[in-house]
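Colleague: Residue numbers (the numbering used here): 55 to 500. Even for Gly, the Cβ is constructed at its ideal location relative to N, Cα and C. The structure's right below; bear with me while I get my questions together.
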Amino acid sequence: MAQVISISQIADYVGQEVIVRGWVYDRTDKGKLQFIQVRDGSGIVQCVAYKPDLDEAVFEQASKLTQESSLIVTGIVKVNEKAKKSVPAGFEIGLQNLEVIQVAGEYPITPKEHGTEFLMDNRHLWLRSLRQWAILRIRATLARALTDWLDDRGYLRVDTPILTPAAGEETTTLFEIDYFGESAYLAQTGQLYNEANMMAFGKVYTFSPSFRAEKSKTRRHLMEFWHLEPEAAFMSLEEMMELEEQLLAYAVGRVLEKHQYELAIIERDLSKLESIKAPFARISYDDAVERLKAIAAQTDDPEQKKLLEIEWGSDFGSPHETALAEQFDRPVFVYHYPSAIKAFYMQPVAGRPEVCRSVDLLAPEGYGEITGGSERIHDPALIDARIDTIGIAREAYAWYLDLRKYGTVPHAGFGLGLERTLTWICGLPHVREAIPYARMLNRKYP
RNA sequence: UCCACAGUAGCUCAACGGCAGAGCAACCGGCUGUUAACCGGUGGGUUCCAGGUUCGAAUCCUGGCUGUGGAGCCA
């Protein structure tokens with residue numbers, strides 16, 4: 055009796071009769087000869103139906119198959135270098151029998167080109183396409199690699215709430231919802247809760263969606279994104295940078311190791327990933343501003359010159375991030391940003407309170423900021439004063455202030471945007487392809 | 001929120017003041033090695049919406065809607 059197999063394992067079954075259950079990815083009809091590409095989620099295999107070798111009814115059924123029809127095929131696995139569309143390539147199945155579950159109706163996503171809006175409207179179907187399949191498989195490995203690395207180093211995953219009573223950072227970017235007649239907000243970060251958890255468990259992280267109601271319409275923004283946020287007691291900014299570079303180098307290495315096939319499907323330049331090794335460069339904000347001024351001075355294009363204008367004290371825009379990152383072949387840390395442009399809980403630099411112990415990591419190739427973090431203020435009086443300065447509702451932060459009353463310690467943490475990191479690793483043109491169902495300014499369907 | 005561009009067949013686009021078209025998809029037929037197969041045939045339109053200019057508007061004008069790219073802001 056033939057065995058049901060996963061296409062990904064097909065190499066183990068050459069010469070054997072097997073059963074594959076899945077969907078028609080593509081089909082070519084040559085008259086007495088048909089090529090049917092069948093995918094099962096793990097891969098794609100070309101099934102060959104030759105009329106004289108088959109029961110007439112089976113051949114007839116095969117000739118009526120449409121794109122995405124569901125079916126169960128039985129046949130003999132063969133090696134054939136002409137099976138270029140198979141994933142893994144080079145294997146095909148000589149069709150013997152066929153059970154059609156459904157002949158699918160006219161499928162919207164044809165093998166021809168489509169526009170972004172159309173594909174996003176059909177995202178629930180687009181996921182079946184080879185390129186999207188490859189990207190989301192890499193996403194799963196990336197997420198797994200990041201959490202594995204932290205787990206292996208004693209970081210405890212402690213989940214933080216998504217429904218929260220107050221802002222994590224600033225009030226302007228919150229999704230407000232009705233909570234039995236009171237206001238609640240979707241979490242924009244798990245960070246404040248991480249600080250409480252860190253005091254209980256030492257080294258913690260949270261990995262969950264974060265929500266930003268920002269009216270941003272760029273290739274790097276999502277309203278809902280997956281946020282990995284480690285936080286550790288007694289960790290310094292310098293130790294955190296080492297952690298980040300090792301974490302990312304490991305994750306990129308895992309992707310390279312497991313996904314040669316997928317990276318080839320998305321045509322990623324592997325040399326760009328192979329160079330991602332610790333250590334990454336570290337430059338101060340002061341240095342970064344000087345570098346940007348120098349880059350701007352050397353630029354002939356007046357438009358670019360204007361975009362690159364910068365004064366000490368301003369935050370970087372994406373043209374700045376891109377220009378800085380272009381100077382390096384791997385991500386680059388920028389540390390000690392002005393306190394005024396960073397969150398209220400960031401620790402001032404000793405003797406230089408106008409800058410803080412913060413660090414952002416900028417990805418190469420113009421992919422921008424993929425992590426942001428800092429040492430947190432641990433002095434009770436200072437954090438108290440900061441909460442007053444920014445004028446947020448003090449009662450909502452009573453529990454947070456408690457953390458500084460009962461055994462406060464120096465600590466640090468950062469947040470990593472999974473989709474931005476994946477967009478960079480995969481070399482994608484837009485973050486919307488890095489998440490199964492992107493939530494964007496103009497899109498919440500499907 | 002600002003700037004730029006776009007919206008025509010299921011999809012990708014052409015026609016740019018004078019009969020609304022092509023390729024793909026669908027359907028019918030042909031073909032034994034296809035790789036976005038190929039060849040022949042058939043069907044398919046509220047030209048985003050509302051107003052205006054004109055003998056005549058997909059085309060020009062005004063307003064709106066939707067989307068795309070970029071900026072700001074951020075991971």
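Which class does Ala238 belong to by DSSP, given the choice of helix, strand or coil?
Modeller: The answer is strand: DSSP assigns Ala238 an E or B state.
Colleague: Is Gln70 helix, strand or coil by DSSP?
Modeller: In the structure shown, Gln70 sits in coil (DSSP, three-state: anything other than H, G, I, E or B).
Colleague: Do Pro284 and Tyr304 have their CB atoms nearer than 7 angstroms?
Modeller: The answer is no: Cβ separation not under 7 angstroms.
Colleague: Short check: CB of Val68 to CB of Gly97, under 7 angstroms?
Modeller: Not closer than 7 angstroms, so no.
Colleague: Quick one: using the 10 Å Cβ neighbour count with 16 as the cut-off for buried, is Gln121 buried or exposed?
Modeller: So Gln121 ends up on the buried side.
Colleague: DSSP on Trp187, reduced to helix/strand/coil?
Modeller: Here Trp187 sits in helix by DSSP.
Colleague: Please classify Ile489 as buried or exposed, where buried requires at least 16 other C-beta atoms within 10 Å of its C-beta.
Modeller: When all chains shown are included, Ile489 counts as buried.
Colleague: How should Tyr460 be labelled, buried or exposed, when 16 other C-beta atoms within 10 angstroms of its C-beta is the threshold for buried?
Modeller: Tyr460 should be labelled exposed.
Colleague: Which parts of the region 67 to 140 are runs of the alpha helix (DSSP H), unbroken and 4 residues or longer, counting only runs that do not cross its ends?
Modeller: The qualifying runs are 110 to 117.
Colleague: Are the region 350 to 361 and the region 332 to 342 touching by the rule of at least three beta carbon pairs closer than 8 angstroms?
Modeller: Result no; under three Cβ-Cβ pairs closer than 8 angstroms.
Colleague: Tell whether a beta-carbon distance below 7 angstroms holds between Pro402 and Ser412.
Modeller: No, the pair does not count as a contact, with Cβ atoms beyond the cut-off.
Colleague: In whole angstroms, give me the CA-to-CA distance for Ser183 and Gly244.
Modeller: Taking the straight line from one Cα to the other gives about 34 angstroms.
Colleague: Could you check if Ser264 is buried or exposed, using at least 16 other CB atoms within 10 Å of its CB as the buried criterion?
Modeller: It counts as buried.
Colleague: Identify which residue in Ala466, Trp366, Tyr491 has its Cα closest to the Cα of Asn248.
Modeller: Minimum Cα distance to Asn248 is reached at Ala466.
Colleague: Would Tyr399 and Arg430 qualify as a contact pair, given that the criterion is a beta-carbon distance under 7 angstroms?
Modeller: Taking 7 angstroms as the Cβ cut-off, Tyr399 and Arg430 qualify as a contacting pair.
Colleague: Kindly list the residues whose CB is nearer than 6 angstroms to the CB of Arg93, restricted to its own chain and excluding five residues on each side of it in sequence; keep chain order.
Modeller: Here the set comprises Gly76, Trp77, Tyr79.
Colleague: State buried or exposed for His390, treating a residue as buried only when at least 16 other CB atoms are found within 10 Å of its CB.
Modeller: Under this definition His390 is a buried residue.
Colleague: What residues in its chain sit with their C-beta under 8 angstroms from that of Ala250, if we drop five residues either side in the sequence?
Modeller: So the list reads Trp453, Tyr454, Leu457, once near-sequence residues are dropped.
Colleague: Is Glu292 closer than 7 angstroms to Phe334 when the C-beta atoms are compared?
Modeller: No, Cβ-Cβ distance for Phe334 and Glu292 is not below 7 angstroms.
Colleague: Have a look at Leu108 and Arg81 and give me their C-alpha separation to the nearest angstrom.
Modeller: So the two alpha carbons sit approximately 18 angstroms from each other.
Colleague: Can you give me the C-alpha to C-alpha distance between Ile90 and Ala188, rounded to a whole angstrom?
Modeller: Roughly 21 angstroms between the two C-alpha positions.
Colleague: Here's the rule: buried if 16 or more other CB atoms are within 10 angstroms of the residue's CB, otherwise exposed. What is Asp414?
Modeller: Classification for Asp414: buried.
Colleague: Of all the options Phe288, Ala199, Leu310, which has the alpha carbon lying nearest to the alpha carbon of Met253?
Modeller: Considering only alpha carbons, the answer is Phe288.
Colleague: Going by alpha carbons, who is nearest to Gly208 out of Ile130, Gly256, Ser372?
Modeller: Comparing Cα positions, the closest option is Gly256.
Colleague: Pair every Cβ in the region 467 to 474 with every Cβ in the region 138 to 155, then say whether three or more of these pairs are closer than 8 angstroms.
Modeller: Contact fails: fewer than three Cβ-Cβ distances are below 8 angstroms.
Colleague: Can you list, in chain order, the residues of its chain with a C-beta nearer than 6 angstroms to that of Ser124? Leave out the 5 residues immediately preceding and following it.
Modeller: Cβ within range, chain order: Trp77, Ile155, Gln156.
Colleague: Per the DSSP calculation, Ala287 is bridged to which residue(s)?
Modeller: According to DSSP, which records beta bridges pairwise, Ala287 is partnered with His465.
Colleague: Any contact between the region 307 to 319 and the region 266 to 282? By contact I mean 3 or more CB pairs, one from each, below 8 angstroms.
Modeller: Judged by Cβ distances under 8 angstroms, the region 307 to 319 makes no contact with the region 266 to 282, as fewer than three pairs qualify.
Colleague: With 16 as the cutoff for other CB atoms within 10 Å, does Gln70 come out buried or exposed?
Modeller: Flag for Gln70 reads exposed.
Colleague: Just tell me which of Trp478, Gly367, Phe172 has its CA closest to the CA of Arg273.
Modeller: The option with the nearest alpha carbon to Arg273 is Trp478.
Colleague: Less than 7 angstroms between the beta carbons of Ala241 and Thr218, yes or no?
Modeller: Yes, they are a contact pair.
Colleague: Anyone know if the C-beta pair for Ile61 and Val99 falls short of 7 angstroms?
Modeller: Against a cut-off of 7 angstroms, the Cβ pair of Val99 and Ile61 comes out as a contact.
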